[in-house]
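K.L.:
Read top to bottom, the protein sequences are chains G and V. The opening position of the first sequence corresponds to residue 2 in the numbering used here, with each subsequent residue numbered one higher. The opening position of the second sequence corresponds to residue 2 in the numbering used here, with each subsequent residue numbered one higher. So that we are looking at the same thing, I have put the structure below in structure tokens.
Number of protein chains: 2
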Amino acid sequence: MWSNHINYYCSMKTHQLVLTWIETELSEGRLAVGGRLPAERSLAEQLRVSRTSVREAIRILEAMGVVRAGVGSGPDAGTVVISDPTAALGSALRLHVATQHLPVADIVETRVLLESWAVSHARADSPELARAARLLEEMDGDAVGVDEFLALDVRFHLALADAAGNAVVSAMMGSLRESITGYASRLTANLPDWDTTAGRLRAEHHNILAAVRSDDGERAGKLVAAHIEGYYKEAGVASGGTVPARP
Amino acid sequence: MWSNHINYYCSMKTHQLVLTWIETELSEGRLAVGGRLPAERSLAEQLRVSRTSVREAIRILEAMGVVRAGVGSGPDAGTVVISDPTAALGSALRLHVATQHLPVADIVETRVLLESWAVSHARADSPELARAARLLEEMDGDAVGVDEFLALDVRFHLALADAAGNAVVSAMMGSLRESITGYASRLTANLPDWDTTAGRLRAEHHNILAAVRSDDGERAGKLVAAHIEGYYKEAGVASGGTVPARP
DNA sequence: CCTAGAGTGTGGTTAGACCACAGCCGGTCC
DNA sequence: GGACCGGCTGTGGTCTAACCACACTCTAGG
């Protein structure tokens, strides 16, 4: 194969060559979201590399939320281009939290920053707000368990963030939330009384949504900041504090 | 091998099994930054999977900035755990920008948001500010070319962001900046007169740094927002606007 | 003592094989 | 004629076995 010869002039790992090729195809518009990559074997032959190297590149793209690999044949199989920035940022953040080089307190602080910006820039007539309202109705149900409540809570906050119309902020919000999902559900154990907390959270949610809908961005931003900080404080993750021990 | 048997009960791809194992080792503290992963062949044997699958997992971690693979032997070889969140977020963002599902305008907007927060929360006595000041001195030199100026500019803004002491914000700032480096250098071609612009940017940098050092966070935030927005506006990336055509 | 070479262990890359899966297509049976 | 069943084809998923380049480490020879 040529790769050794090529690498002699350009010290790039083989799979990076494949990555570069795919990224170029994306930039130049020859590959777009919804499109399909060539089959792994064809791509390997075309780029004069082994299938292993092609697969390594595709794995990276898959982890980054850029492609989705599907077996079988037919119109929904093969490796298709998608675009899920949240997945990429989320798993990256989660891993770095695991290395304990990204303090959870910093993540919470960043979440407050992004989310208060988002609600204060949300358009009062955004269709996302209707979605948020429906989620609140669901959360008001009596039979909602803790985990279900938290899941709906995530979706509510994401809907709010989407209303600002900034894809990057939405993706980062989602990834921050995803990276600490594990913590969030563990934190509920620290709460003195879940029902009381849930009631407070519900009320705060309605206030926030009302502020956004009346176009009072400043007030919505402050409410959201207090909402998030209040929750984590009650659950024991003080700003700059350490992470609670595992059960 | 057992993997097919295992996958029968739990539909997880083999390399994900390896990823999960490594993430657990990180969370539980048995692996830490600076530590070394077992050799690929050992790990494969230990987890009862093929070396191929182990490599796919390691590739993903490498792309996420969690490990660094080094050939050879000795104390600096092998696969060691690092922590470079910026790399992970940066390449992810860059790829999604390539798919044209993340508008450049949104990235700029997010950068303004994060950076103005950072400077308004920077500690006036942070050692990072001294670093920022040294970078400004370098930029004031007469013999500084365009590319060199831009490189120093990136480092200056990152130093400012670091002064806020939030690792997540710093990482996101760096990744946003990295994801649009390609654009930034192309944008200079749109400027009517580089020397004039450079002079203005220099003056604004000094003003921002002065505001931070006098603990006037609010003013620093506004200055930084105007600084960034002004530059992109002059270079032709208006908020919500489209991307300039390639040369 | 120092140096050149063999030895060892690391990741990097490749080739080739087999599997499970999903759609397609043609033949068969009712 | 229509419904069903089987093989065919192409996809990604996994594994094995081998080789390479590299960098250190040890050792034999000067």
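Glycine included, every Cβ here is placed at the ideal spot set by N, Cα and C.
Which residues in chain V have a C-beta closer than 7 Å to the C-beta of PRO128 (chain G)? List them in chain order.
P.N.:
By Cβ distance, chain V contributes nothing, its closest Cβ being about 19 Å from PRO128 (chain G), past 7 Å.
K.L.:
Among G:MET173, G:GLU139, G:VAL169, which one has its Cα closest to the Cα of PHE157 (chain G)?
P.N.:
Ranking the options by Cα distance to PHE157 (chain G), first place goes to G:GLU139.
K.L.:
Kindly list, in the order they appear in chain G, the residues whose Cβ is closer than 8 Å to that of ALA16 (chain V).
P.N.:
According to the sequence as given, residue 16 (chain V) is His; it is not Ala. Neighbours of HIS16 (chain V) on chain G, chain order: ARG60.
K.L.:
With hydrogens ignored, establish whether the beta-carbon of TRP22 (chain V) is closer than 7 Å to any heavy atom of the ligand NAP.
P.N.:
The ligand NAP is not part of the structure shown, which contains no ligands of any sort.
K.L.:
Below 7 Å on C-beta distance, what does TRP195 (chain V) contact in chain G?
P.N.:
Near TRP195 (chain V) there are no residues of chain G at all, since even the closest Cβ is about 26 Å away, more than 7 Å.
K.L.:
Count the other CB atoms, across all protein chains shown, that sit within 10 Å of the CB of VAL105 (chain V); report buried if there are 16 or more and exposed otherwise.
P.N.:
Answer is buried; the Cβ neighbour count reaches 16.
K.L.:
Anyone know if the C-beta pair for ASP107 (chain G) and VAL225 (chain V) falls short of 8 Å?
P.N.:
Result no, Cβ atoms of ASP107 (chain G) and VAL225 (chain V) do not sit closer than 8 Å.
K.L.:
Please report whether the beta-carbon of TRP118 (chain V) lies at a distance below 8 Å from any beta-carbon of chain G.
P.N.:
Yes, because at least one Cβ of chain G sits closer than 8 Å to the Cβ of TRP118 (chain V).
K.L.:
Looking at the C-beta of SER250 (chain V), does it have a partner C-beta in chain G at a distance below 8 Å?
P.N.:
The structure shown does not extend to residue 250 (chain V), since chain V is modelled only from 2 to 248, so the question has no answer here.
K.L.:
Using 8 Å as the limit for Cβ to Cβ distance, is HIS102 (chain G) near chain V?
P.N.:
Yes, its Cβ sits closer than 8 Å to a Cβ of chain V.
K.L.:
Relative to the C-alpha of ARG201 (chain V), which residue among V:THR15, V:GLY231, V:ARG135, V:GLY71 is closest?
P.N.:
Nearest of V:THR15, V:GLY231, V:ARG135, V:GLY71 to ARG201 (chain V), Cα basis: V:GLY231.
K.L.:
How far does the beta strand (DSSP E) with THR25 (chain V) in it extend, from its first residue to its last?
P.N.:
Premise fails: THR25 (chain V) lies in the alpha helix (DSSP H), 15–28, not in any beta strand (DSSP E).
K.L.:
In whole angstroms, what separates the C-alpha of LEU38 (chain G) from that of ARG112 (chain G)?
P.N.:
When rounded, the distance between both Cα atoms is 35 Å.
K.L.:
Taking MET173 (chain V) as the query, report the chain G residues whose CB atoms sit under 8 Å from its CB, ordered along the chain.
P.N.:
Here the neighbours are THR111, MET173.
K.L.:
Straight-line CA distance for LEU205 (chain G) to ALA221 (chain G)?
P.N.:
The sequence shown places Glu at residue 205 (chain G), rather than the Leu named in the question. Each residue's Cα considered, the two are about 10 Å apart.
K.L.:
Have a look at GLU41 (chain V) and GLY79 (chain G) and give me their C-alpha separation to the nearest angstrom.
P.N.:
If I take the Cα positions, the gap works out to 29 Å.
K.L.:
PRO86 (chain G) versus chain V: which residues are under 8 Å apart at the beta carbon?
P.N.:
Within chain V, the residues near PRO86 (chain G) are ALA93, LEU94, HIS97, HIS102, LEU103.
K.L.:
Only counting the same chain, and skipping five residues up and downstream in sequence, which positions put a Cβ closer than 7 Å to that of ARG52 (chain G)?
P.N.:
Cβ within range, chain order: GLU41, ARG42, ALA45.
K.L.:
What runs of the alpha helix (DSSP H), each 4 residues or longer, lie entirely inside the region 140–188 of chain G?
P.N.:
The qualifying runs are 147–163, 168–180, 182–188.
K.L.:
Using a C-beta cutoff of 8 Å, does LEU114 (chain G) count as contacting chain V?
P.N.:
For LEU114 (chain G), the answer is yes, since a Cβ of chain V falls inside 8 Å of its Cβ.
K.L.:
What are the boundary residues of the alpha helix (DSSP H) that ARG112 (chain V) is part of?
P.N.:
Segment 105–121, the alpha helix (DSSP H) holding ARG112 (chain V).
K.L.:
Starting from ALA70 (chain G), follow the beta strand (DSSP E) in both directions and report where the run begins and ends.
P.N.:
It spans 68–71 - the beta strand (DSSP E) in which ALA70 (chain G) sits, taken as one unbroken run.
K.L.:
ALA93 (chain V) and ALA89 (chain G): beta carbons closer than 8 Å?
P.N.:
Contact flag set, yes.
K.L.:
For a test of the three-state rule: what should DSSP assign to GLY200 (chain G), helix, strand or coil?
P.N.:
It is helical.
K.L.:
So, for THR87 (chain V): in the same chain, excluding its five sequence neighbours on each side, which residues have a beta-carbon less than 6 Å away from its beta-carbon?
P.N.:
Closer than 6 Å at the Cβ level, and outside the excluded window around THR87 (chain V), lie ALA172, GLY175, SER176.
K.L.:
Helix, strand or coil for ARG37 (chain V), going by three-state DSSP, please let me know.
P.N.:
It is a strand residue.
K.L.:
Which whole-angstrom value is the C-beta distance of GLY166 (chain G) and ARG214 (chain G), which I expect to be below 8 Å?
P.N.:
Between ARG214 (chain G) and GLY166 (chain G) the Cβ distance is about 16 Å, and since that is not below 8 Å, they are no contact.
K.L.:
Can you give me the C-alpha to C-alpha distance between GLY218 (chain V) and SER74 (chain G), rounded to a whole angstrom?
P.N.:
C-alpha separation (whole angstroms): 58 Å.
K.L.:
Of all Cβ atoms in chain V, is any one closer than 8 Å to the Cβ of ILE108 (chain G)?
P.N.:
For ILE108 (chain G), the answer is yes, since a Cβ of chain V falls inside 8 Å of its Cβ.
K.L.:
Going by DSSP, name the residue or residues bridged to THR80 (chain G).
P.N.:
G:ALA70.
K.L.:
Using a Cβ-Cβ distance cut-off of 8 Å, determine whether ALA89 (chain V) contacts chain G.
P.N.:
Taking Cβ atoms only, chain G reaches closer than 8 Å to ALA89 (chain V), which makes this a yes.
K.L.:
What residues from chain V crowd round ASN167 (chain G), counting only those whose CB sits closer than 7 Å?
P.N.:
In chain order: ASP107, GLU110, THR111.
K.L.:
Count the other CB atoms, across all protein chains shown, that sit within 10 Å of the CB of THR25 (chain G); report buried if there are 16 or more and exposed otherwise.
P.N.:
So THR25 (chain G) counts as exposed.
K.L.:
Which two residues bound the contiguous alpha helix (DSSP H) that contains SER54 (chain G)?
P.N.:
Taken as a continuous stretch (DSSP letters only), the alpha helix (DSSP H) holding SER54 (chain G) covers 52–64.
K.L.:
Quick one: Cα of ASP163 (chain G) to Cα of ASP126 (chain G), how far?
P.N.:
ASP163 (chain G) and ASP126 (chain G): Cα-Cα distance of roughly 12 Å.
K.L.:
I'd like to know whether the C-beta of LYS234 (chain V) is nearer than 8 Å to at least one C-beta of chain G.
P.N.:
No, no contact with chain G.
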